[in-house]
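Reading through the structure tokens given below for one structure.
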Amino acid sequence: MLLFYNCDTAYRFKLQVDHKVKLNEKISIAILEENKKQIDSVHFFINGKKQESKKNRLTINTVDFGLGKHQVSALVFYPGKSKKINNSFEVFADIKPVIYGYEIINTFPHDKKAYTQGLEYKNGFLYESTGRRGQSSLRKVAIKTGKIVQQVNLENSYFGEGITIVENKIIWLTWESNKGFIYNLDTFKLEGEFEYNESKEGWGLTKNETELIKSDGTHKIWFLDKNTQKEKRALQTYTHDRALSQLNELELINGKLYANYYQKPVIAIINPTNGVVEGLINLKGLENEIKKTQNIVANDEVLNGIAYDSKNERLFVTGKNWGKLFEIKLIKK
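Written out as structure tokens, the structure reads:
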């Protein structure tokens, strides 16, 4: 329970809120005057929006507000005066994530010079974006050989990030430039660009039937209009005990959002409707497998890149500058 006090002469108010709660729980928010003095009325606000309440108390269901931190304000009216008191509550997932291991089905060559940022499967090929300023490229890659079939480089001032394919377009994010680019899938010619609205950076990108889905290196997932690339809304990603930040490369697989956890050999499985982390895939063994044949730079050449062949149910993963691409099958632990 978190209490916030505000004093005015003989009046002593406290805004009483359950600070840490679970999704789907009901919580009570109340204004109390410790000296039992008169309160005329109270207006409650959550995230700046006024809430319907009875007298000095408000009861809410956390599912109506979703995961994450939410600001609570109470505007208290008492004889001849008013005071605004602020507090907050944080909503966590109501389930623990399922832990998965994996089995390696196939191993394919991968360009060690590819600082992988985005990865997507389409029509028998992998489409890959790479990062770093002066080295960022967009590629079409043959899976079995790892050979580059088609490539275009980004201007040196940009740091390339995640990609996704929408019909005959490739949507490509950049890191800190607040800008994304649109390329023709067949010709790799630049056809347009767009800016981000509220998110400050571009990290991972995927799509559902109607929207683009974007990560920005925090625990937030952004949903963009598929045609205009304008940000429409965001949700916060949580496990039962923490916000899951540094979400990177994304892939939507069978209705669930798979996200690389940057600098960790872990992929999170996220419910895209509410942000609940439903699963965690431990891929530490793949990192160890890579180390058998090459040296990798700690905290830099990390696991990154998820692609899915839905027709044949093949899941591909790789890492930044890794010499191998892995096809894996998940195993629930």
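Heads up, the sequence shown is in my numbering, so the first residue is 2 and it goes up one at a time. We put the beta carbon where it would ideally sit given N, CA and C, even for glycine. Since the model is a prediction, treat every value here as computed from it, not as a measurement.
Taking contact to mean at least 3 C-beta pairs separated by less than 8 Å, is the segment 70–77 in contact with the segment 101–109? no
Whole angstroms is fine: what's the gap from Val153's alpha carbon to Leu186's? 11 Å
Whole-angstrom distance between Ile86 and Gln39, CA atom to CA atom: 17 Å
Chain-order list of residues whose beta-carbon lies under 6 Å from that of Ser42 (same chain, five-residue window excluded): Phe78
May I ask you to list the residues that DSSP assigns as paired with Thr146? Bridge partners of Thr146: none, in fact.
Quick one: what's Ala118 bridged to in DSSP? With the sequence shown as reference, residue 118 is identified as Gln, and Ala is not the correct amino acid for it. According to DSSP, which records beta bridges pairwise, Gln118 is partnered with nothing at all.
Quick check on DSSP: helix, strand or coil for Val64? helix
Where the beta strand (DSSP E) through Leu33 begins and ends: 27–34
Counting beta carbon pairs with one atom in the segment 153–173 and one in the segment 116–131, are three or more of them shorter than 8 Å? yes
Looking at the structure shown, is Ile307 part of a helix, part of a strand, or coil, going by DSSP? strand
Separation of Val142 from Leu59, as counted between CA atoms: 57 Å
Any idea what DSSP makes of Asn209, helix, strand or coil? coil
Going by beta-carbon coordinates alone, are Asn283 and Val267 separated by less than 9 Å? yes
Determine which residues share a DSSP beta bridge with Asn107 and list them. Glu328
Mind checking Tyr6: buried by the 16 CB within 10 Å criterion, or exposed? With a pLDDT of 46 at Tyr6, under the threshold of 50, the predicted position of this residue should be treated as unreliable, though the coordinate-derived value follows. Looking at its Cβ environment, which holds fewer than 16 other Cβ atoms inside 10 Å, Tyr6 is exposed.
C-alpha distance - Gly203 paired with Asp217, whole-angstrom precision: 5 Å
Assign Leu326 to buried or exposed, taking buried as 16 or more other Cβ atoms, counted over all protein chains shown, within 10 Å of its Cβ. buried
Is DSSP giving Leu4 helix, strand or coil here? Caution applies to Leu4, whose pLDDT of 49 falls short of 50 and renders its modelled position unreliable; the model cannot decide the point.
With a threshold of 6 Å on Cβ separation, who are the neighbours of Ser29 within its own chain once the five nearest residues in sequence on each side are excluded? Thr60
Under 9 Å between C-beta atoms of Asn318 and Leu281: A quick correction: the sequence has Val, not Asn, at residue 318. For Val318 and Leu281, no; Cβs fall outside 9 Å.
Do the segment 248–262 and the segment 300–307 make contact, defined as three or more Cβ pairs closer than 8 Å? yes
Going by CA-CA distance only, name the one from Phe14, Glu91, Lys21 that's closest to Asn57. Phe14
Classify Glu199 as buried or exposed, calling it buried when 16 or more other Cβ atoms lie within 10 Å of its own Cβ. exposed
Drop a sphere of 10 angstroms on the beta-carbon of Glu121, count the other beta-carbons inside from all chains shown, and report buried for 16 or more, exposed for fewer. buried
Could you please give me the residues that DSSP links to Trp173 through a beta bridge? Ile164, Phe182
Taking the alpha carbon of Lys148 as the reference point, which residue from Asp242, Glu34, Ala115, Glu290 has its own alpha carbon closest? Ala115
Between Asp95 and Asn157, how many whole angstroms is the CB-CB distance? I'm expecting something under 8 Å. Actually they are not in contact, since the Cβ atoms of Asp95 and Asn157 sit about 47 Å apart, beyond 8 Å.
Collapsed DSSP secondary structure at Gly193 in the structure displayed: strand
Host alpha helix (DSSP H) of Leu287 (start-end): 285–292
Would you say Gln237 and Gly119 are within 9 Å of each other, going by their C-beta atoms? no
Leu245 - partner residues in DSSP beta bridges: In DSSP, Leu245 forms no bridge with anything.
Can you check which of these residues, Lys51, Glu162, Lys221, Pro80, is closest to Asn275 by C-alpha distance? Lys221
Put Lys84 into one of helix, strand or coil per three-state DSSP. strand
Would you mind sorting Val150 into buried or exposed? The rule is 16 or more other CB atoms within 10 Å of its CB. exposed
What does DSSP give as the partner residues of Asp112 in its beta bridges? Its beta-bridge partners do not exist; DSSP assigns none.
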